[in-house]
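Residue numbers (the working numbering): 43 to 286.
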């Protein structure tokens, strides 16, 4: 490696950050790294190229669509970490005075677009629902009906003695109780289905966060390798100067 080779570090300008956030607000499907139903990967990548062309028009630095996509993921991850820390500090004091790291205008826009505050602190007590107690499904089994057979012998001229039997009316359970039980069961099934959908959504968000962390780890590893290379160059330069 040439000792006079200098690595060029691209520094994004505030104007480019602002255009990036405004472009994400214009194309909400680019806000998440997870696949979107009805949108192909080619279509998403083409929109990122459009966004890159728009941002590069006020450059330098100039970057590709995939590079701006990684920068957006890093901005979103940093904003989410700041919001999570603020909520943790607020809950730790029981609602009293706490240290708050205020968000910038761009970070507030990111929070609004991605709903990061709601994801970090959902409403309700259990998975964002307003129900405080676990759902208990109570079904009243139908009462067994009492059926008494009625035997009434026919009168015939061949017999002088006739037999009579008393009958008891048949008791049938009203349909109102059964309908109420069915309605309760349907409501319980809907609530359980909503909780399952919410759990799936949280799982998708966690998976997206894991992917973003992987990208950041890869970027940090690349930066570490670059720093090692710079250190090696400086050592060679120092050795060269000592020999002179």
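The C-beta atom is built at its ideal place from N, Cα and C for all residues, glycine as well.
Reduced DSSP secondary structure (H/G/I, E/B, other) of residue i
{"i": "residue 230", "result": "helix"}
{"i": "residue 59", "result": "helix"}
{"i": "residue 52", "result": "coil"}
{"i": "residue 265", "result": "helix"}
{"i": "residue 70", "result": "helix"}
{"i": "residue 65", "result": "helix"}
{"i": "residue 108", "result": "helix"}
{"i": "residue 287", "result": "Any property of residue 287 remains undetermined from this structure, which presents the chain solely from 43 to 286."}
{"i": "residue 89", "result": "helix"}
{"i": "residue 81", "result": "coil"}
{"i": "residue 278", "result": "helix"}
{"i": "residue 167", "result": "Confidence at residue 167 is low in this model, with a pLDDT of 49, below 50, so the placement of that residue should be treated as unreliable; the coordinate-derived value is given next. Coil at residue 167, not helix or strand."}
Alpha-carbon to alpha-carbon, residue j and residue i
{"i": "residue 176", "j": "residue 98", "result": "Note that residue 176 scores a pLDDT of 45, beneath 50, so its modelled location is shaky; the value from the coordinates is reported in the next line. For residue 176 and residue 98, the distance between alpha carbons rounds to 53 Å."}
{"i": "residue 69", "j": "residue 63", "result": "10 Å"}
{"i": "residue 281", "j": "residue 275", "result": "10 Å"}
{"i": "residue 221", "j": "residue 89", "result": "53 Å"}
{"i": "residue 152", "j": "residue 115", "result": "11 Å"}
{"i": "residue 184", "j": "residue 230", "result": "Only weak support is given to the placement of residue 184: the predicted model assigns it a pLDDT of 49, under 50, and the value that follows is read from those uncertain coordinates. Distance between the alpha carbons of residue 184 and residue 230 is about 20 Å."}
{"i": "residue 66", "j": "residue 247", "result": "18 Å"}
{"i": "residue 73", "j": "residue 156", "result": "7 Å"}
{"i": "residue 269", "j": "residue 51", "result": "12 Å"}
{"i": "residue 95", "j": "residue 234", "result": "46 Å"}
{"i": "residue 110", "j": "residue 82", "result": "19 Å"}
{"i": "residue 250", "j": "residue 227", "result": "35 Å"}
{"i": "residue 87", "j": "residue 143", "result": "34 Å"}
{"i": "residue 71", "j": "residue 127", "result": "27 Å"}
{"i": "residue 61", "j": "residue 125", "result": "22 Å"}
{"i": "residue 104", "j": "residue 133", "result": "42 Å"}
**Request:** Within the segment 130-163, note down every full alpha helix (DSSP H) run reaching 4 residues or more, in order along the chain.
**Result:** The segment 130-163 contains these whole alpha helix (DSSP H) runs: 147-156 and 158-162.
**Request:** Would you check if there are 3 or more beta carbon pairs closer than 8 Å linking the segment 119-137 to the segment 247-258?
**Result:** Flag = yes, the segment 119-137 and the segment 247-258 touch.
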